[in-house]
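Take a look at the structure set out below.
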Amino acid sequence: VKKDWSDHALWWEKKRTWLLKTHWTLDKYGIQADAKLQFTPQHKLLRLQLPNMKYVKVKVNFSDRVFKAVSDICKTFNIRHPEELSLLKKPRDPTKKKKKKLDDQSEDEAFELEGPLITPGSGTDVLYIGPLKGSIYSSPGLYSKTMTPTYDAHDGSPLSPTSAWFGDSALSEGNPGILAVSQPITSPEILAKMFKPQALLDKAKINQGWLDSSRSLMEQDVKENEALLLRFKYYSFFDLNPKYDAIRINQLYEQAKWAILLEEIECTEEEMMMFAALQYHINKLSIMTSENHLNNSDKEVDEVDAALSDLEITLEGGKTSTILGDITSIPELADYIKVFKPKKLTLKGYKQYWCTFKDTSISCYKSKEESSGTPAHQMNLRGCEVTPDVNISGQKFNIKLLIPVAEGMNEIWLRCDNEKQYAHWMAACRLASKGKTMADSSYNLEVQNILSFLKMQHLNPDPQLIPDQITTDINPECLVSPRYLKKYKSKQITARILEAHQNVAQMSLIEAKMRFIQAWQSLPEFGITHFIARFQGGKKEELIGIAYNRLIRMDASTGDAIKTWRFSNMKQWNVNWEIKMVTVEFADEVRLSFICTEVDCKVVHEFIGGYIFLSTRAKDQNESLDEEMFYKLTSGWV
């Protein structure tokens, strides 16, 4: 029987290793006569749950390191920057032991792309979907500056060449359906079934499931046909561009949407209504876009208009002002601000000071006239934690600051009078926490982002009369998290969503998704991955939070930050693999040591190294990823 054995290799079960060095002798591998070797294909099927909760079947190389396997999967799905994603094992739900068999059957029905999908790691850059091997799909380069736009920057639909890539496959029909188009949640039952109220410790346990990027799937006990979750792992999204990233933006939007609906991240009631309005808008436009594309595939767009709209949408750089100020002077802020130092058992409220914000420091004076003298208080915000505390209908604009001092963190609250003042001071605080001043080019962009984020949450004083037929196509149960369904009646939620919708009704589809992602990034808890840890000298279990630029020691019950350390001050970090202890050394002779209690410390080590790796990316990189550098920073001793 003629058969192609080229994909087969030997797997040594006992030592959990692939024998891929075919020029080595068995003796060199240390294999004795009683060793049991398995001759098995390297490419096997995986069931992948995408961030939009849909399942696809993909053929993946089980002998490649996970980092490489994820790159291949992303190439297949046309997602740039695969280094931001990884694979997560499904958390075991202890309450569902009996239902396991039934659950698996219901998952099987959820597959969207059937048939074997061969990833581009198999020597041929061809993706077969479905029984016909007719669809050839080529992936654009990772960073190439000369890339031709692949998607319409307004609605994320593929420009003409894309239909040629996708052929007659399940990814075609003029749009790569399941991947780039948002699928609305059809019934509240879906949400109710998936929703599990979680304490911070439960969230931390989910993060135990991240696979080790420097070992293969087979080495990590992943079986053929097993279900794994493909997720954005690192919250540092590089160069999101609507022209090339329709699928990446949509999957990111979906991950954000589910995090908010399943209450994995906290947000205020006003923010929730804004997210619901954006979702409603996106669902509506997605249906319209799909219909339009069936009707007219060739759209005539004035090139100048298209270029202008691209400029508006692109996240980087923001709107440049034509008047450049004096480059040598650093802008300052000065205004009356109410300041409050919360201490235990204090009844004193806010006290008004004349505050000046210079470089990265705030100086507080009793009055404007005294501002030439010595300040009553002074605080340097470098390395501090900045959290918003805003309620627009109540006209509350507070900034909570946790400022690092030798023995922990000092808490200071600033209260602003209005949105404009708040936006300027908040933007300055955020930049100062990273060690940047208001002279930084991103300051004005940050102010604009804060203002537009607040504007989207405004309640319109005179909601226009909303026709009845609109209220029927809104499914409030599918647009807000379960907490609000208990709190309000369906009609009340519908009215509030439609009110909030007026702020976003003019947005294009891609812009609405980008705004959703930006709003998610503005939430105080965004981008922090929690792990359960025991700190040196501490008796009880606490949390270590890892973000793209810092480590945070947190109280396990409340989630409050106890102390923060910035990566920019880090000299080195080491792992003692035997006692599972991670030690991080910082520039000012500070050492931080903690033991990972429930998670393999390799996962924590990889998060730190991964964020360091991502911070080295630059726009002018034309080459592909430096894979070896990633392994050096994340793999430990192998």
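According to the working numbering, the sequence shown is numbered sequentially starting from 342.
Note that CB positions come from ideal geometry on N, CA and C, so glycine has one too.
Among the options, which one has its Cα closest to the Cα of residue i?
{"i": "S557", "options": "A874, H384, Q620 and H622", "result": "H384"}
{"i": "E339", "options": "L387, D901, K546 and A410", "result": "No statement about residue 339 is possible, as the shown extent of the chain runs from 342 to 979 and does not include it."}
{"i": "K355", "options": "L378, D345, D348 and V342", "result": "L378"}
{"i": "L933", "options": "V923, S404 and N816", "result": "V923"}
{"i": "I606", "options": "Q862, K904 and N910", "result": "Q862"}
{"i": "A376", "options": "I920, L351, L800 and Y825", "result": "L351"}
{"i": "D896", "options": "R723, K912 and F876", "result": "F876"}
{"i": "L955", "options": "F579, S528, K943 and T358", "result": "F579"}
{"i": "I414", "options": "K343, L569 and A545", "result": "L569"}
{"i": "F908", "options": "T899, S898, H718 and N890", "result": "N890"}
{"i": "S849", "options": "D562, G550 and T630", "result": "T630"}
{"i": "S523", "options": "T938, I588, H364 and K679", "result": "I588"}
{"i": "K699", "options": "Q719, E760, E710 and K682", "result": "Q719"}
{"i": "Q373", "options": "N785, I703, W353 and H364", "result": "W353"}
{"i": "K544", "options": "A717, L864 and K431", "result": "K431"}
{"i": "D967", "options": "E610, L892, T609 and P423", "result": "P423"}
{"i": "L800", "options": "G735, V788, N790 and L593", "result": "G735"}
Quick check on residue i: buried or exposed, where buried means 16 or more other Cβ atoms within 10 Å of its Cβ?
{"i": "I885", "result": "buried"}
{"i": "Y677", "result": "exposed"}
{"i": "T957", "result": "exposed"}
{"i": "N915", "result": "exposed"}
{"i": "L361", "result": "exposed"}
{"i": "L367", "result": "exposed"}
{"i": "N591", "result": "buried"}
{"i": "K598", "result": "buried"}
{"i": "F738", "result": "buried"}
{"i": "V746", "result": "exposed"}
{"i": "G749", "result": "exposed"}
{"i": "M613", "result": "buried"}
{"i": "S898", "result": "exposed"}
{"i": "N419", "result": "buried"}
{"i": "F380", "result": "exposed"}
{"i": "K416", "result": "buried"}
{"i": "K400", "result": "buried"}
{"i": "G666", "result": "Confidence is the limiting factor: at G666 the pLDDT is only 44, short of 50, which leaves the residue's position unreliable, though a coordinate-based value still follows. Flag for G666 reads exposed."}
{"i": "A841", "result": "buried"}
{"i": "K921", "result": "buried"}
Identify every residue that forms a DSSP beta bridge with residue i.
{"i": "A874", "result": "E883 and C937"}
{"i": "N751", "result": "I744"}
{"i": "C819", "result": "None, per the DSSP bridge assignment."}
{"i": "F927", "result": "M911"}
{"i": "Q379", "result": "W352"}
{"i": "S427", "result": "R572"}
{"i": "C770", "result": "Looking at the DSSP assignment, C770 forms no beta bridge with any residue, so it has no partner."}
Just to confirm before moving on: does the CB-CB distance between residue i and residue j stay below 7 Å?
{"i": "Y575", "j": "E425", "result": "yes"}
{"i": "Q539", "j": "L820", "result": "no"}
{"i": "A853", "j": "I547", "result": "no"}
{"i": "N393", "j": "E595", "result": "yes"}
{"i": "K741", "j": "D730", "result": "yes"}
{"i": "N721", "j": "T701", "result": "yes"}
{"i": "K881", "j": "R894", "result": "no"}
{"i": "A928", "j": "N910", "result": "yes"}
{"i": "L429", "j": "N566", "result": "no"}
{"i": "I838", "j": "A533", "result": "no"}
{"i": "I858", "j": "T870", "result": "no"}
{"i": "L389", "j": "L520", "result": "no"}
{"i": "S976", "j": "S555", "result": "yes"}
{"i": "Q798", "j": "I733", "result": "yes"}
{"i": "T938", "j": "I873", "result": "yes"}
{"i": "A769", "j": "M779", "result": "yes"}
{"i": "S713", "j": "W695", "result": "no"}
{"i": "V945", "j": "W551", "result": "no"}
Please list, in chain order, all residues of the same chain as residue i whose beta carbon is under 6 Å from its beta carbon, the five residues on each side excluded.
{"i": "V931", "result": "none"}
{"i": "S1000", "result": "Shown here, the chain extends from 342 to 979; a query on residue 1000 therefore has no answer."}
{"i": "F536", "result": "L603 and P823"}
{"i": "E560", "result": "R357"}
{"i": "P525", "result": "N624"}
{"i": "I953", "result": "L974"}
Spatial neighbours of residue i within its chain, please: C-beta separation below 7 Å, excluding the five flanking residues on both sides.
{"i": "V342", "result": "none"}
{"i": "S793", "result": "none"}
{"i": "I834", "result": "P817, V821 and Y825"}
{"i": "K335", "result": "Because the chain here runs from 342 to 979, residue 335 falls outside it and cannot be looked at."}
{"i": "P672", "result": "M779 and A780"}
{"i": "P382", "result": "D348 and H349"}
Given residue i, which residues of its chain have a CB within under 8 Å of its CB, disregarding the five upstream and five downstream residues?
{"i": "L864", "result": "I606, E607, C608 and E612"}
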